[in-house]
Amino acid sequence: MLAWVAVATFIPLVAVESVYKLKLHKVTPAINNFALEGGYLAQKYGGQIELPWMGAGDYGRNVLIDGLAHHDEAELLWTQEDFVTEGGHIVPISNFMNAQYFAEITLGTPPQSFKVILDTGSSNLWIPSTKCTSIACLLHAKYDSSASSTHETNGSEFNIQYGSGSVEGFVSQDTLAIGDVMLKDVDFAEVTKESGLTFVFGKFDGILGLAYDTIAVNHVVPPFYHMINKKLVDSPVFSFRLGSSEEDGGEAIFGGIDKSAYIGKLNYVPVRRKAYWEVELQKVALGDDVLELQDAGAAIDTGTSLIALPSDIAEMLHLQIGAKRSWNGQYTVDCKTVPDLPIFTFTFNGKDYPLKGTEYILEVQGTCMSAFLGMDIPSGSQLWIVGDVFLRRYYTVYDLGKDAVGFAEAV
Ligand SMILES: *[C@@H]1O[C@H](CO)[C@@H](O)[C@H](O)[C@H]1NC(C)=O
């Protein structure tokens, strides 16, 4: 057994380039996507990350979840299939190169369409406003309140401050349609200023947050809470199947579970802190090498393509799979080695969830990139972010009634 102890890591500080000097045209678009993901993730979770063009430092808005109750002792008092709900409202998901998954929503009357990331790692709905002149806004669909007969002014300021940018705007109210669900009087943010390259290059216009209302900026009621409050769903659950091709992006189901989308039983894991969909991560393993974790959480995040983990563990893992740090701070392996790489396994609530090399390594136009990203998130305890790489293999159910995440092997 190899020593999975924390090592003091030293990552040479590559010349810090301004983000705008990054020669994006020389890089393939898909690689851009993943390269930008690290910065975006750091912003979202307040993580510490070191990417050549960002320099070292803390890039995030600090989501203050430290003070929230921990549910380490949370126990499951129900049996697995007790509360499987069929039916529900289906929302098809589009898949852009396995890097961005988004869905169509409309706001207003007559409806204005937007592509949004259905994001279990945040809790606000925001879309660009016609009042926005940032580059990211110019390139995306914008909400025009003056063209909607159901728009109501609210005007309270909305601001998510990132270390390297921000999303600023104000709250508005209008009718939201998602799938066949129509929600009246939904508060959301009309964004008037968007900085950050992720938003410029994103295929999506905005974000629809599906995490707990405890981390909603301005305490705006998140859309799924509206669905529950207005009794538009039979049960307070939603579920995700993420497809693996552009033709099949998968779907989200609000108020239900698609029993034909997974094999075996759903294994429910209690949420240990109601902010993100954070569950206890008991251990991880690479091949036969097991790392038992103490007080570690895993945020199950549909809005993230990668898997973020503490940087010391990431270093160790990359060493073991023979990954090399590339010019852009990402880790790559020789594509020939991928089929023979050891299995990586997460353990939640006593059950193992393995990923093969071909799953945790992303082949992007001839480059084999590791989906593991070292990032230290100040959250009171170790926090891993488990994104689409995992969610393509495992069907997930997010249950606000039982405060648990259900996992099963996707079909
Ligand atoms: C504006 O929106 C906020 C956030 O949803 C809400 O708390 C507040 O009551 C709203 N104010 C008005 C005047 O509607």
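FYI, the numbering for the sequence shown is -16 to -1, 1 to 395, going by mature numbering (1 follows the signal peptide of the UniProt record, and there is no 0). Every residue, glycine too, gets a C-beta built ideally from N, C-alpha and C.
Q. Beta carbon of Ala236, beta carbon of Tyr260: below 8 angstroms?
A. In terms of Cβ geometry, Ala236 and Tyr260 do not form a close pair [threshold 8 angstroms].
Q: Over the uninterrupted beta strand (DSSP E) stretch that includes Asn79, give me the two end residues.
A: 78 to 80 is the span of the beta strand (DSSP E), which, as asked, contains Asn79.
Q) What are the boundary residues of the beta strand (DSSP E) that includes Leu339? A) Looking at the DSSP string, the run of the beta strand (DSSP E) that includes Leu339 is 335 to 339.
Q. Is there contact between the stretch 310 to 324 and the stretch 250 to 269, where contact requires at least three CB pairs shorter than 8 angstroms?
A. Here the stretch 310 to 324 does not lie against the stretch 250 to 269, with fewer than 3 beta-carbon pairs under 8 angstroms apart.
Q. In angstroms, rounded to a whole number, what distance separates the CA positions of Ile361 and Gly281?
A. Rounded to whole angstroms, the gap between the alpha carbons of Ile361 and Gly281 is 11 angstroms.
Q | Nearest residue (CA-CA) to Gly350, options Gly186, Val317, Phe142 | A | The option with the nearest alpha carbon to Gly350 is Val317.
Q. If we call anything under 8 angstroms between Cβ atoms a contact, is Gly92 one with His135?
A. In this structure, the beta-carbon distance from Gly92 to His135 falls below 8 angstroms.
Q. Below 8 angstroms between beta carbons: does that hold for Val217 and Gly72?
A. Result yes, Cβ atoms of Val217 and Gly72 sit closer than 8 angstroms.
Q | Trp110 classed as buried or exposed, judged by whether at least 16 other C-beta atoms fall within 10 angstroms | A | Buried, since its Cβ has 16 or more Cβ neighbours within 10 Å.
Q) According to DSSP, which residues form a beta bridge with Phe224? A) Partner(s): Ala236, Thr380.
Q) On the three-state DSSP scale, how would you describe His203? A) Reduced to three states, the DSSP call for His203 is helix.
Q.
Does the beta-carbon of Ser140, which I'm using as the reference point, lie nearer than 7 angstroms to any heavy atom of ligand 1?
A. Ser140 Cβ: within cutoff of ligand 1.
Q) Are the CB atoms of Leu339 and Ile327 nearer to each other than 8 angstroms? A) In this structure, Ile327 lies closer than 8 angstroms to Leu339 by Cβ.
Q: Assign Ser219 to one of two classes, buried (16 or more other C-beta atoms within 10 Å of its C-beta) or exposed (fewer than that).
A: Of the other Cβ atoms in all chains shown, 16 or more fall within 10 Å of the Cβ of Ser219; this residue is therefore buried.
Q: Could you tell me if the beta carbon of Val155 falls within a distance shorter than 7 angstroms of some heavy atom in ligand 1?
A: Checking the Cβ of Val155 against ligand 1 gives yes.
Q) When the distance is taken between beta carbons, is Gly153 closer than 8 angstroms to Thr176? A) Yes, they are a contact pair.
Q) If you draw a straight line from the alpha carbon of Lys115 to that of Leu303, how long is it in whole angstroms? A) Their backbone Cα atoms lie some 48 angstroms apart in a straight line.
Q. Where does the unbroken beta strand (DSSP E) through Cys121 begin, and where does it stop?
A. It is not in any beta strand (DSSP E) - Cys121 instead sits in the alpha helix (DSSP H) that spans 119 to 122.
Q: Please indicate yes or no: does the CB of Asn202 lie closer than 7 angstroms to some heavy atom of ligand 1?
A: The answer is yes for Asn202.
Q | Any non-hydrogen atom of ligand 1 within 7 angstroms of Asp279 CB | A | Outside the cutoff, so no.
Q: Write down every uninterrupted run of the beta strand (DSSP E) in the stretch 85 to 133 whose length is 3 residues or greater and which is fully enclosed by it, in chain order.
A: List check, beta strand (DSSP E) in window: 96 to 103, 109 to 112.
Q. Can you tell which of Leu275, Tyr246, Lys308 has its C-alpha closest to the C-alpha of Leu293?
A. When each option's Cα is compared against that of Leu293, the closest is Leu275.
Q: Report the three-state DSSP secondary structure of Asn312 (helix, strand or coil).
A: Reduced to three states, the DSSP call for Asn312 is coil.
Q: Could you tell me how far apart the beta carbons of Ile89 and Ile191 are, in whole angstroms, since I believe they sit closer than 8 angstroms?
A: Going by Cβ atoms, the distance from Ile89 to Ile191 rounds to 11 angstroms, so no, they are not a contact pair.
Q) Using CA coordinates, which residue listed in Val165, Ile144, Leu160, Phe374 is at the minimum distance from Gly287? A) Of Val165, Ile144, Leu160, Phe374, the residue nearest in Cα terms is Phe374.
**Q.** Closest Cα partner of Gly358 within the set Ile369, Val255, Pro76, Val348
**A.** With distances taken between Cα atoms, Gly358 lies closest to Ile369.
Q: With hydrogens ignored, establish whether the beta-carbon of Val205 is closer than 7 angstroms to any heavy atom of ligand 1.
A: Yes, since a heavy atom of ligand 1 falls inside the 7 angstroms radius drawn around the Cβ of Val205.
Q | Segment limits, beta strand (DSSP E) that includes Ser295 | A | In the DSSP assignment, Ser295 falls outside any beta strand (DSSP E) and lies within the alpha helix (DSSP H) extending over 295 to 304.
Q) Buried or exposed: Gly385, going by 16 or more other Cβ atoms within 10 Å of its Cβ? A) Gly385 is exposed by the Cβ-count criterion.
**Q.** Proximal residues to Val184 (C-beta, below 6 angstroms), its chain only, five neighbours per side dropped
**A.** For Val184, where only same-chain residues beyond five positions count, the Cβ hits under 6 angstroms are Ile119, Ala120.
**Q.** beta-carbon Asp169 near ligand 1 non-hydrogen atom, thresh 7 angstroms
**A.** Between ligand 1 and Asp169, a heavy atom-to-CB distance of less than 7 angstroms is absent.
(Q) Among the candidates Gly180, Pro94, Tyr85, His210, whose CA atom is the shortest distance from the CA of Val100? (A) Of Gly180, Pro94, Tyr85, His210, the smallest CA-CA separation from Val100 is found for Tyr85.
Q.
Restricting to Cα atoms, I'd like to know which of Thr159, Ile291, Ile74 is closest to Pro94.
A. For the residues Thr159, Ile291, Ile74, the minimum Cα distance to Pro94 belongs to Thr159.
Q. Near Ser97, which residues of its chain fall below 7 angstroms by C-beta distance, leaving aside the five closest residues on each side in sequence?
A. For Ser97, where only same-chain residues beyond five positions count, the Cβ hits under 7 angstroms are Glu88, Thr90, Ala125.
Q: For my contact list, Phe172 and Met211 are in at a C-beta cut-off of 8 angstroms; report their separation, rounded to the angstrom.
A: In fact, because the Cβ distance is near 14 angstroms, the residues do not count as touching under 8 angstroms.
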